[in-house]
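Asker:
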Amino acid sequence: MDFSVWIAFFAASWAISLSPGAGAVAAMSAGLAHGFRHGYFMTLGLVLGIWTQIVVVGVGLGALIATSSLAFAVVKWAGVAYLLYLGVRQWRAPAAPLVSDEAQAGVVAVPRRKLVLRGWMVNAVNPKGTVFLLAVVPQFLDLARPLGGQYLVIAATLGFTDLVVMAGYTALAARLLRTLRSARQMQALNRTFGALFVFVAMLLATFKRAG
């Protein structure tokens, strides 16, 4: 991949990462519930989910999902179901007031591997992401050159921008921990993020395969 092409893709990657979606909601939800240092493991899962999508697109499965109604529907509704599960879970989360990282130490922590898995599921089971990558990535590929190295560059670039952007989303939500002084405030935030997950699930449910 030529440097000029990479610069263009690098700029596009920021727009992709910054665009609001399930990943941003998941990152902020993790930051709110677990603080920055622990919640950031959700972002590692989100990046792994993006890399999974790139592998899917790279080996041609993305084209199948984009062209097969059945494959698209299976992945789509699996994604909708998982986002709804996260929404209900967040809505029903205990309204324990959290005012600092130290206060959070008294809360039972979700294992890091579970946060990583949740993040991976959010991005991996998302046909909208697959179709989006199918539309964007080929524009930056030089078909006259080996594709493996180019996909690695693309994966590393998207991974980097997502790590930075989701760190911002996670930190922004984690800062709210210091402003929470009552169980009622925590419950309101839990229900806000729960509703956001449900909203994103509804948007995904309306997403249709092109053509």
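In the numbering used here, the protein residues as written are 845 to 1055. Note that CB positions come from ideal geometry on N, CA and C, so glycine has one too.
Can you have a look at residue 991 and say buried or exposed, based on whether 16 or more other CB atoms are within 10 angstroms of its CB?
Answerer: Within the sequence shown, residue 991 is the residue found at index 147, counting from 1. Under this definition residue 991 is an exposed residue.
Asker: Classify residue 847: buried if its beta carbon has 16 or more other beta carbons within 10 angstroms, exposed otherwise.
Answerer: Residue numbering aside, residue 847 sits at position 3 when the sequence shown is read from its first letter. It counts as exposed.
Asker: Excluding the 5 residues preceding and the 5 following residue 949 in the sequence, name in chain order all residues of the same chain whose CB lies nearer than 8 Å to its CB.
Answerer: Walking along the sequence shown from the start, residue 949 turns up at place 105. Confidence at residue 949 is low in this model, with a pLDDT of 45, below 50, so the placement of that residue is unreliable and no value is reported for it.
Asker: Grab the span of the alpha helix (DSSP H) containing residue 936 for me, first residue to last.
Answerer: Counting from 1 along the sequence shown, the entry for residue 936 is found at position 92. That residue, residue 936, is in no alpha helix (DSSP H); it is neither H nor E in DSSP.
Asker: Just checking, does the region 912 to 930 make contact with the region 976 to 983 on the three C-beta pairs under 8 Å criterion?
Answerer: Counting C-beta pairs with one atom in each stretch, the region 912 to 930 and the region 976 to 983 have fewer than three that are closer than 8 Å, which means they do not touch.
Asker: Alpha carbon to alpha carbon, how far is residue 1028 from residue 858? Give it in angstroms, no decimals.
Answerer: Sequence index remark: in the sequence shown, residue 858 carries index 14 (1-based). Sequence index remark: in the sequence shown, residue 1028 carries index 184 (1-based). When rounded, the distance between both Cα atoms is 36 Å.
Asker: Reducing DSSP to helix, strand and coil, say where residue 970 ends up.
Answerer: What you label residue 970 is simply residue 126 of the sequence shown in a count that begins at 1. Note: residue 970 maps to coil in three-state DSSP.
Asker: Short check: CB of residue 854 to CB of residue 1001, under 7 Å?
Answerer: Taking the first residue of the sequence shown as position 1, residue 854 is located at position 10. Taking the first residue of the sequence shown as position 1, residue 1001 is located at position 157. Their beta carbons are under 7 Å apart, which means residue 854 touches residue 1001 by this criterion.
Asker: Can you tell me the Cα-Cα spacing of residue 902 and residue 875, whole angstroms?
Answerer: Stepping through the sequence shown from its first residue, residue 902 is reached at position 58. Stepping through the sequence shown from its first residue, residue 875 is reached at position 31. One C-alpha to the other measures close to 32 Å.
Asker: Do the CB positions of residue 1016 and residue 924 come within less than 7 Å of each other?
Answerer: The residue labelled residue 1016 in the question sits at position 172 within the sequence shown. The residue labelled residue 924 in the question sits at position 80 within the sequence shown. For residue 1016 and residue 924, no; Cβs fall outside 7 Å.
Asker: Could you pull the start and end residues of the alpha helix (DSSP H) that residue 988 belongs to?
Answerer: Position 144 of the sequence shown, counting from 1, holds the residue named residue 988. Unbroken run through residue 988: none, as it is neither H nor E.
Asker: Hey, residue 1014 and residue 880 are a contact pair by Cβ (cut 8 Å); roughly how many whole angstroms apart?
Answerer: Numbered from its first residue, the sequence shown carries residue 1014 at position 170. Numbered from its first residue, the sequence shown carries residue 880 at position 36. Cβ-Cβ separation between residue 1014 and residue 880: approximately 6 Å, consistent with a contact (criterion under 8 Å).
Asker: Helix, strand or coil for residue 884? Go by DSSP, reduced to three states.
Answerer: Position 40 of the sequence shown, counting from 1, holds the residue named residue 884. The DSSP-derived three-state label of residue 884 is coil.
Asker: Can you grab the Cα-Cα spacing for the pair residue 1039 / residue 870, in whole Å?
Answerer: For this step, residue 1039 is matched to residue 195 along the sequence shown. For this step, residue 870 is matched to residue 26 along the sequence shown. Cα-Cα distance, rounded: 12 Å.
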